[in-house]
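For the sequence shown, UniProt numbering gives the first residue as 1, with consecutive numbering after it.
Ideal placement from N, C-alpha and C gives every residue a C-beta, glycine not left out.
Only a predicted model underlies this, so the values are computations on that prediction, with no experimental measurement involved.
The block underneath contains the structure these notes are about, expressed in structure tokens.
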Amino acid sequence: MIDIENLSKSYGDKTVLENITLNLVKGKVYGIVGENGAGKTTLFNCISGLEKYRGTINCEYGIPKISLGYLQTEPYFFSKITGLEYLKLLCNARNLEPLDFIEKNIFDLPLNEYAINYSTGMKKKLALTAILLQENKFFILDEPFNGVDIHSNMIITEIIQQLKRLDKTILISSHIFSTLNETCDEIFLLKNKTISMRVKKEQFGILENEMKDYSIGNRISKLNLK
């Protein structure tokens, strides 16, 4: 279980997040939606310990980042590290026994090539594979489906379902509402610096319609398309 209480984040005089309170339990998949710039990635960075914040985060696993697998929107790789070396590095960081990385290369990545030369989707799949091999208990997946081919999207969806069956805690963001509808038990709407709505699966349609009304409104009619 992860308890987040009154988490707030500011950059100078600009407040980005204000009094975020969430309770995330094992065996559940949670989604966060919001417009670009709403603060989703900032929230993830705070939870993972990459950003300082006000408020408290309590995790039954101990320090969150010790048992956290964080898939960032744009994973970072050293310029001279191969895909294989990257997998070894992240597993060594958790003192795991040597693995057969070739066998576990489920996305058929060119592991002997430099990761920096991978496509956007390949980088994301490499980073995801690494955090899965770490045997983490808590996962944050920031736009896991973005830039990834349809075949891999299906694999990632099944991975999320399998993590849920293994009693992991999963927090994901996505601009593709159908993927959240398929994977999440509960979705939070991040709006105006805070969680303005939280809905369970049977209410996802209500949230989707509200987001459409808010995002689209009469914008398209202004184009006077012909």
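DSSP state of T73, grouped into three classes?
-> coil
At least 3 beta-carbon pairs within less than 8 Å: the region 39-51 vs the region 85-99 | At 8 Å Cβ cutoff, the stretches do not touch.
Exposed or buried, what is L99 when buried is set at 16 or more other beta-carbons lying within 10 Å of its beta-carbon?
-> exposed
What is the DSSP secondary structure of L22, counted as helix, strand or coil?
-> strand
Mind the definition here: the region 115-131 touches the region 47-55 only if three or more C-beta pairs lie below 8 Å; say whether that holds.
-> Short answer: they don't touch.
List the whole-angstrom C-beta distance separating V29 from I172, where the pair is believed to meet the contact cut-off of C-beta under 8 Å.
-> 7 Å
Taking DSSP as the reference, what is the three-state secondary structure of D142?
-> DSSP, reduced to helix, strand and coil, places D142 within a strand of the structure shown.
Distance between D13 and L109 (C-alpha atoms, nearest Å) = 44 Å
Can you give the beta carbon distance from I140 to Y70, rounded, assuming they're within the 8 Å contact cut?
-> 5 Å
Who pairs with R54 in a beta bridge, going by DSSP?
-> S8
Helix or strand or just coil, what does DSSP make of S196?
-> Strand.
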